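As structure tokens, the structure follows; a few thoughts come after it.
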């Protein structure tokens with residue numbers, strides 16, 4: 024395994040792609056919403072609401088049918104397609120599809136980089152977040168959770184754990200050698216959106232609806248979406264041609280991991296995990312799931328980036344300064360698996 | 024005025040642009056967040072939260088600093104730029120930038136159409152919505168409002184007013200000759216997101232920050248964003264080279280309309296307004312504001328589409344079946360104002 028990974032690393036530069044600055048030519052781009060359901064709310068009083076200062080009052084009857092739990096998906100289809108299947112990008116907790124767009128310090132993110140590599144990319148906002156919208160409080164039993172500016176800095180291995188963030192940049196305790204664009208951390212916090220903690224079922228249902236609509240495909244998912252991605256792959260194994268799990272914080276059901284035995288799977292982890300209070304346990308969840316896939320006769324490659332000489336990566340690999348290098352490593356793996364023309 | 028408008032209509036077909044099916048070549052595409060502020064919340068208990076079923080519990084201290092009221096902006100810069108300035112698209116109430124993307128029935132929306140016409144397009148989600156996220160309840164004094172499936176059908180002049188929507192499509196009372204893609208109305212309702220009614224100040228501040236970042240520019244705004252667009256133009260008149268107000272439901276401060284006297288302004292309304300219970304008054308707000316611009320020596324063209332032979336438009340002109348025809352009318356006006364190379 025180690026030898027293979029070094030060869031991946033060394034040959035990554037040979038991968039054909041267009042570069043930042045070159046134009047991006049798309050045969051199509053657009054968006055849609057998928058999935059969701061209609062719920063009825065009843066027994067509430069009619070309200071009169073003025074929408075916007077100076078607006079004309081409108082009667083709003085909150086009783087009735089509501090569209091909820093749909094998911095927003097934006098797609099970009101390069102003219103020079105090389106990926107054999109669509110590449111679906113699923114973001115992590117408290118975030119949206121913006122995760123894969125321009126990095127907080129203004130470089131190209133994985134959306135652009137994988138379009139440039141010739142992939143049809145479908146980038147989505149999980150149910151409850153971003154352009155997917157969220158349901159009335161009567162529908163979900165629970166409230167949204169909000170993250171402080173400090174929270175991701177301390178949990179995402181940008182800083183040195185709890186207490187490492189500081190409003191004064193000079194006092195921040197950044198992991199030594201971090202590839203995260205720390206000077207743009209404030210911009211990153213603008214990407215954070217509220218999240219619920221009891222909506223997994225709705226989120227998974229919408230992702231499954233997306234798979235039913237656009238796959239066969241390759242899934243690339245991050246962090247919280249580890250749970251969603253592996254679970255959907257268990258439910259739709261024939262539709263998934265490969266899985267790239269980027270620092271999955273959650274995995275699927277080990278008892279069902281055998282359903283992934285025909286799906287080549289790559290699991291990628293960044294740096295600083297042994298220094299963190301939670302990540303050793305979280306990585307173990309992913310390693311155990313990968314073992315379960317292999318035990319069932321499947322193929323699951325695990326890359327700890329520092330082991331192959333790629334150091335300094337935070338949990339947010341797709342926006343770290345070496346995001347292009349990590350994208351190339353993933354692309355090389357996809358090439359090796361025969362998924363690129 | 025009438026004669027000019029007919030000439031706009033008749034010559035619209037002569038406007039150069041690429042067509043659906045042709046590739047879209049971009050010299051760049053990406054996104055960023057702009058504006059916002061940091062607020063402090065204090066005195067709340069620490070919670071233990073499990074993020075995702077099977078996740079490792081994390082202590083979440085809700086006290087601390089929060090990033091709030093930033094705005095998400097996505098941009099697409101065509102290789103063959105013809106618009107002299109960036110074109111900023113601002114959506115209406117209860118919606119996001121998805122308004123301007125693929126229509127609910129799968130045709131190209133104004134985002135693609137204006138990119139094809141050579142405009143650098145910046146499409147945003149207003150503060151509180153979509154990928155902009157929303158603030159903790161302690162920050163905004165008020166709750167989000169949710170729209171039923173029926174509400175936009177009855178308020179946006181798709182149906183014949185209150186009571187016109189029905190879960191059974193055969194029983195819907197659609198405006199006769201409607202250009203709205205009624206068969207895809209359910210898809211449209213998936214675009215709806217919750218909205219607050221007391222966040223105008225924060226929304227305007229973020230739009231002003233966007234103008235400061237990317238303008239001089241042309242503003243194109245819809246419905247609720249009438250209030251935001253005209254207000255920001257009043258505050259930054261030197262930065263705005265033209266305004267296209269699409270069915271503004273709100274206007275600016277008439278006493279300040281003179282600040283727009285050097286900004287060519289087009290106001291466009293669709294069909295069925297006299298039949299609606301609220302739209303005659305809402306249109307009057309826009310007409311009065313346009314009068315105030317002219318009284319101050321400025322230029323404000325008002326187009327009621329049925330008067331120039333374009334019939335059947337709902338409030339959602341950018342997704343009606345003739346959205347290309349309305350886009351061409353706007354483009355012709357922009358050409359006439361010297362804003363296209």
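Residue numbers (this note's numbering), protein chains in the order written: chain A, 24 to 364; chain B, 24 to 364. Every residue gets a Cβ at the ideal spot worked out from N, C-alpha and C, and that includes glycine. Owing to the predicted nature of the structure, the values given are computational and were not obtained by experimental measurement.
Margin query: residue 245 of chain B and residue 122 of chain B - do their beta-carbons sit closer together than 9 Å?
Written below: By one-based count along the second chain, residue 122 of chain B stands at place 99. By one-based count along the second chain, residue 245 of chain B stands at place 222. Taking 9 Å as the Cβ cut-off, residue 122 of chain B and residue 245 of chain B qualify as a contacting pair.
Next item on the list: Measure the alpha-carbon distance for residue 237 of chain B versus residue 195 of chain B and round it to whole angstroms.
Entry: In the second chain, counting from the first residue as 1, residue 237 of chain B sits at position 214. In the second chain, counting from the first residue as 1, residue 195 of chain B sits at position 172. C-alpha separation (whole angstroms): 44 Å.
Check: Where does the unbroken beta strand (DSSP E) through residue 265 of chain B begin, and where does it stop?
Finding: Indexing the second chain from 1 puts residue 265 of chain B at position 242. Counting along the chain, the unbroken beta strand (DSSP E) around residue 265 of chain B starts and ends at 263-269.
Notebook entry, point to check: So, does the CB of residue 89 of chain A fall closer than 9 Å to a CB anywhere in chain B?
Noted result: Counting from one through the first chain, the residue named residue 89 of chain A turns up at place 66. Yes, its Cβ sits closer than 9 Å to a Cβ of chain B.
Note to self: According to DSSP, is residue 339 of chain A part of a helix, a strand, or is it coil?
What the structure shows: For the purposes of this step, residue 339 of chain A is taken as residue 316 along the first chain, with counting starting at 1. If DSSP states are grouped into helix, strand and coil, residue 339 of chain A belongs with coil.
Margin query: Rounded to the nearest angstrom, what separates residue 344 of chain A and residue 200 of chain A at their Cα positions?
Written below: Here residue 344 of chain A refers to the residue found at position 321 of the first chain. Here residue 200 of chain A refers to the residue found at position 177 of the first chain. Cα to Cα, the separation comes out at about 11 Å.
Margin query: Just list the residues that DSSP pairs residue 146 of chain B with in beta bridges.
Written below: Walking along the second chain from the start, residue 146 of chain B turns up at place 123. According to DSSP, residue 146 of chain B shares a beta bridge with B:97, B:112.
Next item on the list: State the start and end residues of the unbroken beta strand (DSSP E) segment that holds residue 282 of chain B.
Entry: The residue given as residue 282 of chain B occupies position 259 in the second chain. For residue 282 of chain B, there is no enclosing beta strand (DSSP E), as DSSP gives it neither H nor E.
Check: residue 292 of chain A and residue 327 of chain A look like a contact to me (Cβ under 8 Å); what is the Cβ gap, rounded to whole Å?
Finding: In the first chain, counting from the first residue as 1, residue 292 of chain A sits at position 269. In the first chain, counting from the first residue as 1, residue 327 of chain A sits at position 304. That belief holds up - the Cβ atoms of residue 292 of chain A and residue 327 of chain A are roughly 5 Å apart, short of 8 Å.
Next item on the list: Would you mind sorting residue 203 of chain A into buried or exposed? The rule is 16 or more other CB atoms within 10 Å of its CB.
Entry: Stepping through the first chain from its first residue, residue 203 of chain A is reached at position 180. That one is buried.
Note to self: I'd like the span of the alpha helix (DSSP H) that includes residue 248 of chain A, first residue to last.
What the structure shows: For the purposes of this step, residue 248 of chain A is taken as residue 225 along the first chain, with counting starting at 1. Run containing residue 248 of chain A: 248-258, per the alpha helix (DSSP H) assignment.
Checklist line | Helix, strand or coil at residue 191 of chain B according to DSSP, with G and I counted as helix | finding: The count along the second chain starts at 1 and reaches residue 191 of chain B at position 168. In this structure, DSSP gives residue 191 of chain B a state outside helix and strand, which the three-state scheme calls coil.
Next item on the list: Measure the Cβ-Cβ separation of residue 148 of chain A and residue 208 of chain A and say whether it is below 9 Å.
Entry: Taking the first residue of the first chain as position 1, residue 148 of chain A is located at position 125. Taking the first residue of the first chain as position 1, residue 208 of chain A is located at position 185. Going by C-beta atoms, residue 148 of chain A is not nearer than 9 Å to residue 208 of chain A.
Checklist line | Cβ neighbour criterion (16 or more within 10 Å) applied to residue 172 of chain B | finding: The residue you call residue 172 of chain B lines up with position 149 of the second chain. Of the other Cβ atoms in all chains shown, 16 or more fall within 10 Å of the Cβ of residue 172 of chain B; this residue is therefore buried.
Checklist line | Nearest-angstrom Cβ-Cβ length linking residue 135 of chain B and residue 47 of chain B, presumed shorter than 8 Å | finding: Looking up residue 135 of chain B in the second chain gives position 112. Looking up residue 47 of chain B in the second chain gives position 24. 7 Å between Cβ atoms; contact.
Notebook entry, point to check: Would a C-beta distance cut-off of 9 Å place residue 213 of chain A and residue 97 of chain B closer than the cut-off?
Noted result: Residue mapping note: residue 213 of chain A aligns to position 190 of the first chain, counting from 1. Residue mapping note: residue 97 of chain B aligns to position 74 of the second chain, counting from 1. No. Outside cutoff.
Check: Leaving out the 5 sequence neighbours to the left and right, which residues in its chain are closer than 6 Å to residue 56 of chain A when beta-carbon positions are compared?
Finding: Within the first chain, the letter at position 33 stands for residue 56 of chain A. These residues qualify, in order along the chain: 93, 95.
Next item on the list: For residue 225 of chain A, name the three-state secondary structure that DSSP assigns.
Entry: Position 202 of the first chain holds residue 225 of chain A. When secondary structure is reduced to three states using DSSP, residue 225 of chain A falls in the helix class.
Item checked: Proximal residues, the stretch 45-58 of chain B versus chain A, C-beta separation under 7 Å -> Cβ contacts with chain A: 46, 47, 48, 49, 50, 52, 53, 54, 55, 56.
Margin query: Nearest by alpha-carbon distance to residue 185 of chain A: which of A:99, A:175, A:315, A:225 is it?
Written below: Position 162 of the first chain, counting from 1, holds the residue named residue 185 of chain A. Residue nearest to residue 185 of chain A within the set A:99, A:175, A:315, A:225 is A:175 (criterion: CA-CA distance).
Next item on the list: Using a Cβ cut-off of 7 Å, pull out every chain A residue sitting near residue 95 of chain B, in sequence order please.
Entry: Your numbering for residue 95 of chain B matches position 72 in the second chain. Ordered by position in chain A, the residues that pass the 7 Å Cβ test against residue 95 of chain B are 121.
Margin query: Please classify residue 116 of chain B as buried or exposed, where buried requires at least 16 other C-beta atoms within 10 Å of its C-beta.
Written below: Sequence index remark: in the second chain, residue 116 of chain B carries index 93 (1-based). Label assigned to residue 116 of chain B: buried.
Notebook entry, point to check: Using DSSP with H/G/I as helix, E/B as strand and the rest coil, what is residue 296 of chain B?
Noted result: Translated into positions along the second chain, residue 296 of chain B becomes position 273. The answer is helix: DSSP assigns residue 296 of chain B an H, G or I state.
Check: Given a threshold of 16 other Cβ atoms within 10 Å of its Cβ, counted over all protein chains shown, does residue 354 of chain A qualify as buried or as exposed?
Finding: In the first chain, residue 354 of chain A corresponds to position 331, counting from 1. By the neighbour-count rule (16 or more Cβ atoms within 10 Å), residue 354 of chain A is buried.
Item checked: Interface residues of chain A facing residue 79 of chain B [CB-CB closer than 7 Å] -> Taking the second chain and counting its residues from 1, one reaches residue 79 of chain B at position 56. For residue 79 of chain B, the C-beta contacts it makes with chain A under 7 Å involve 301, 304, 305, in order along the chain.
Notebook entry, point to check: Would you call residue 164 of chain B buried or exposed, if buried means 16 or more other Cβ atoms sit within 10 Å of its Cβ?
Noted result: Position 141 of the second chain, counting from 1, holds the residue named residue 164 of chain B. Classification for residue 164 of chain B: exposed.
Checklist line | Identity of the residue in B:197, B:219, B:133 nearest residue 160 of chain B by Cα | finding: Numbered from 1 along the second chain, position 137 holds the residue referred to as residue 160 of chain B. Nearest option by C-alpha distance: B:219.
Notebook entry, point to check: For residue 215 of chain B, which residues in chain A fall below 8 Å Cβ to Cβ?
Noted result: For this step, residue 215 of chain B is matched to residue 192 along the second chain. Within chain A, the C-beta atoms nearer than 8 Å to that of residue 215 of chain B come from 90, 156, in chain order.
Notebook entry, point to check: Is the stretch 244-262 of chain B touching the stretch 273-281 of chain B, taking contact as three or more C-beta pairs under 8 Å?
Noted result: Segments in contact, yes.
Check: Which two residues bound the contiguous beta strand (DSSP E) that contains residue 64 of chain A?
Finding: In the first chain, residue 64 of chain A corresponds to position 41, counting from 1. For residue 64 of chain A, the enclosing beta strand (DSSP E) stretches over residues 47-64.
Note to self: Under 9 Å, Cβ to Cβ, is there at least one residue of chain B near residue 131 of chain A?
What the structure shows: In the first chain, the residue the question calls residue 131 of chain A occupies position 108. True, the Cβ-Cβ gap to chain B drops below 9 Å.
Next item on the list: Examine the ligand SAH and report whether any of its heavy atoms sits within less than 8 Å of the Cβ of residue 83 of chain A.
Entry: The ligand SAH is absent from the structure shown, which contains no ligand whatsoever.
Check: Does the stretch 311-321 of chain B come within contact of the stretch 277-297 of chain B, defined as at least 3 CB pairs closer than 8 Å?
Finding: Contact holds: three or more Cβ-Cβ distances are below 8 Å.
Check: Between the stretch 137-152 of chain A and the stretch 102-117 of chain A, do at least 3 Cβ pairs fall closer than 8 Å?
Finding: Between the stretch 137-152 of chain A and the stretch 102-117 of chain A there are three or more C-beta pairs closer than 8 Å, enough to call the two in contact.
Item checked: Cβ of residue 104 of chain B within 9 Å of any chain A Cβ -> Here residue 104 of chain B refers to the residue found at position 81 when the second chain is read from its first residue. So, not an interface residue.
Notebook entry, point to check: residue 82 of chain A by DSSP, collapsed to three states: which one?
Noted result: As a working note, residue 82 of chain A is residue 59 in the first chain. In the displayed model, residue 82 of chain A falls within a strand according to three-state DSSP.
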